[in-house]
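The structure under discussion appears below in the form of structure tokens.
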Amino acid sequence: MAYDSATNSLEAHWMPFTDNRGFKSDPRLVVRAEGVHLYDHHGSQIIDGSSGLFCSPAGHCHPKIIEAVHAQMKDYTYVMPFQSGHPASFTLAEKIARLTPEPMNHVFFVNSGSEAVDTALKIIMAYHHARGDMRTRFVSRERAYHGVNIGGVSLSGMVKNRDIFHATIPGVVMMRHTWDPDELFIPGGHSDHRGVELANDLERICATYGPGTIAAVFVEPVAGSTGTLPPPKGYLQRLREICDQHGILLVFDEVITGFGRLGTNFAAQRYGVEPDIITMAKALTNGSIPMGAVAVRDEIYDTVIGSSPRGLTEFFHGYTYSGHPAACAAGIAMMDILEEEQLIPRAADLAPYFEKALFDGLKDHALVKDIRVAGLMASVEVFPKGGPGILGTELQKQMFWNGLSVKFTGDNAVLAPQFIAAHHHIDEIVEKFRQTLDQQLG
Ligand SMILES: Cc1ncc(COP(=O)(O)O)c(C=O)c1O
1402 MAYDSATNSL EAHWMPFTDN RGFKSDPRLV VRAEGVHLYD HHGSQIIDGS SGLFCSPAGH
1462 CHPKIIEAVH AQMKDYTYVM PFQSGHPASF TLAEKIARLT PEPMNHVFFV NSGSEAVDTA
1522 LKIIMAYHHA RGDMRTRFVS RERAYHGVNI GGVSLSGMVK NRDIFHATIP GVVMMRHTWD
1582 PDELFIPGGH SDHRGVELAN DLERICATYG PGTIAAVFVE PVAGSTGTLP PPKGYLQRLR
1642 EICDQHGILL VFDEVITGFG RLGTNFAAQR YGVEPDIITM AKALTNGSIP MGAVAVRDEI
1702 YDTVIGSSPR GLTEFFHGYT YSGHPAACAA GIAMMDILEE EQLIPRAADL APYFEKALFD
1762 GLKDHALVKD IRVAGLMASV EVFPKGGPGI LGTELQKQMF WNGLSVKFTG DNAVLAPQFI
1822 AAHHHIDEIV EKFRQTLDQQ LG
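Numbers given in the working numbering equal positions in the sequence shown, counted from 1, plus 1401.
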């Protein structure tokens, strides 16, 4: 056994977003991982139904990434990123820029999705300031998740993530979320209804606050952490139109959807809507080393860079670990793997099978309230029992012991198979999911 309860109570580690007391009385430790599988501290095999946290589409412990990081660490392990640099960050930035829509050719490195969101907020402030345009408001959306730093919490539309954290940035206005209780189990995920009407919330916000006060709109193209809310048809297109009309920047937070989760490089290509800024993280390094990034349109970069005299720093922002060598090596290897193994087309091919398996296997279950799918991300929402999130938390634990790792947020199971998954892996995920629901019914 890899963990000894006699010598470690587990109390020293305060775990993130975890029921610490529950976990420590019933620990679920992963001690090894390979491909689509995890292995717990009793030696049992678990299929990964969520790619970690949407992190590892190429499979766990990909040898190419391990080798690349190892080789990098032999050459240099750290380089100061301010007024100094190393080749790998430039290589990786160029590879990312090849995947983003044109003209989006500049990439700022950070260490997580949360930092990407806070960095995007600061880039937007710097951009409008450089243009002498004093826009101070940000628009976000109910049920949004943009990470846990104060900027992201300020944009958050999830009550538990913000209610006690009062020191948020002022001037954030919320659009309505896009989930419609009258439209459940929509095949293809995208409702035909209300896309334009919901996006017109932005028009109403402009009418109330003045369009010239709004700096940017942040949206996850498919809201992920509140349970896969695909955009209704026409929604993102209409947001783009309104932003264009009023000089408002449009940010797609693609921390989950970036690097192929919807079967295209980014959701921007999937929906044919080009934002001004894309935030990304997670799959960028296949989850192997923490890293995030912010990609911006050329005009944003040129404006901020051109705003100060030559010889001076243009943007007073950056992290000690921005573009860390290990993360860059992992990121470069991952970009190569996406290409060599054709992982994004594989995700696109697998998506219809995944959706059908979920609908065929779970739609009729008495505990299932809704299923929503976009590409290789999906939520199976269960009816709450005893209060919001109680059943979801319980199911997540039971699924683990039944050999399935799935992330629940509240009563939404968030499924996100790896792009390397075969059909039989999808079947196994659905079977173990159903088996656990059946156990609940007794
Ligand atoms: C859309 C979105 N933005 C930001 C984040 C925060 O990323 P991180 O946990 O890496 O800080 C997440 C994490 O799930 C996310 O889904």
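Don't be surprised by glycine CBs; every beta carbon is placed ideally from N, CA and C.
These numbers come from a predicted model, not from an experiment.
Helix, strand or coil at residue i [DSSP, three-state]
i, result
"Tyr-1440", "strand"
"Phe-1820", "coil"
"Thr-1810", "strand"
"His-1350", "Because the chain here runs from 1402 to 1843, residue 1350 falls outside it and cannot be looked at."
"Phe-1539", "strand"
"Leu-1640", "helix"
"Asp-1828", "helix"
"His-1507", "strand"
"Phe-1653", "strand"
"Leu-1805", "strand"
"Val-1549", "coil"
Given residue i as reference, the closest of the options once Cα atoms are compared
i, options, result
"Ala-1752", "Ala-1727, Met-1778 and Gly-1732", "Met-1778"
"Leu-1685", "Asp-1771, Ala-1494, Phe-1424 and Ile-1791", "Ala-1494"
"Pro-1785", "Asp-1812, Gly-1762, Lys-1798 and Ser-1806", "Asp-1812"
"Pro-1633", "Gln-1484, Arg-1595 and Thr-1665", "Arg-1595"
"Ala-1517", "Val-1815, Arg-1499, Val-1554 and Met-1481", "Val-1554"
"Asp-1405", "Pro-1818, Met-1481, Arg-1429 and Phe-1510", "Arg-1429"
"Glu-1756", "Pro-1504, Gly-1486, Ile-1827 and Val-1573", "Ile-1827"
"Gly-1648", "Ala-1616, Ile-1678 and Met-1800", "Ala-1616"
"Leu-1816", "Leu-1630, Leu-1713, Gly-1843 and His-1766", "Leu-1630"
"Gln-1799", "Lys-1833, Asn-1421 and Tyr-1610", "Lys-1833"
"Val-1574", "Met-1416, Leu-1556, Asn-1562 and Asp-1449", "Leu-1556"
"Met-1735", "Asn-1409, Ile-1690 and Ile-1448", "Ile-1690"
"Glu-1715", "Gly-1790, Pro-1818, Phe-1483 and Ile-1447", "Phe-1483"
"His-1530", "Arg-1662, Thr-1614 and Ser-1452", "Thr-1614"
"Gln-1670", "Leu-1842, Pro-1464 and Arg-1499", "Arg-1499"
"Phe-1586", "Lys-1764, Pro-1818 and Trp-1802", "Lys-1764"
"Asp-1602", "Asn-1421, Gly-1572 and Val-1540", "Val-1540"
"Lys-1465", "Asn-1421, Phe-1717 and Asp-1737", "Asp-1737"
Span separating the alpha-carbon of residue i from that of residue j
i, j, result
"Val-1549", "Gln-1743", "33 angstroms"
"Phe-1566", "Ile-1745", "38 angstroms"
"Thr-1478", "Val-1470", "10 angstroms"
"Val-1437", "Ala-1608", "49 angstroms"
"Ile-1384", "Asp-1771", "Nothing about residue 1384 can be reported from this structure: the residues present for the chain run from 1402 to 1843 only."
"Phe-1760", "Asp-1441", "29 angstroms"
"Ala-1727", "His-1461", "17 angstroms"
"Met-1519", "Arg-1538", "The question names Met, but residue 1519 in the sequence shown is Asp. Rounded to whole angstroms, Asp-1519 to Arg-1538 spans 15 angstroms at the Cα level."
"Leu-1792", "Ser-1709", "55 angstroms"
"Ala-1434", "His-1443", "14 angstroms"
"Ala-1545", "Arg-1639", "18 angstroms"
"Leu-1599", "Gly-1514", "26 angstroms"
"Val-1480", "Ala-1407", "41 angstroms"
"Leu-1650", "Val-1705", "14 angstroms"
"Ser-1780", "Arg-1773", "5 angstroms"
"Pro-1488", "Pro-1582", "51 angstroms"
"Ile-1701", "Tyr-1754", "40 angstroms"
"Phe-1809", "Phe-1820", "20 angstroms"
"Arg-1711", "Pro-1676", "29 angstroms"
"Gly-1804", "Gly-1732", "30 angstroms"
"Phe-1660", "Gly-1486", "25 angstroms"
"Ala-1767", "Asp-1839", "9 angstroms"
"Leu-1637", "Val-1618", "11 angstroms"
"Asp-1427", "Leu-1411", "11 angstroms"
"Ile-1447", "Gly-1762", "19 angstroms"
*Which ranges does the beta strand (DSSP E) cover as unbroken runs of at least 3 residues, wholly within the stretch 1418–1490, from first to last along the chain?*
1431–1435, 1438–1441 and 1446–1449
- Those runs of the alpha helix (DSSP H) which lie wholly inside the stretch 1674–1754 and span at least 4 residues: 1699–1706 and 1726–1741
Query raised in the report: Fully enclosed by the stretch 1553–1630, which alpha helix (DSSP H) runs are 4 residues long or longer?
Result: 1560–1563 and 1596–1610
Practice task
Report the residue ranges of all beta strand (DSSP E) runs contained in full by the stretch 1752–1790; include only those spanning at least 3 residues, in chain order.
Solution key: 1769–1775 and 1778–1783
**Request:** State whether the stretch 1584–1604 contacts the stretch 1621–1632, with contact taken as three or more CB pairs (one from each stretch) at a distance under 8 angstroms.
**Result:** yes
With three or more beta-carbon pairs closer than 8 angstroms as the criterion, would you say the stretch 1694–1703 touches the stretch 1449–1463? no
For the stretch 1640–1657 against the stretch 1719–1737, are there 3 or more C-beta pairs whose distance is under 8 angstroms? no
**Report entry** Three CB pairs or more closer than 8 angstroms across the stretch 1711–1726 and the stretch 1499–1515
**Finding:** yes
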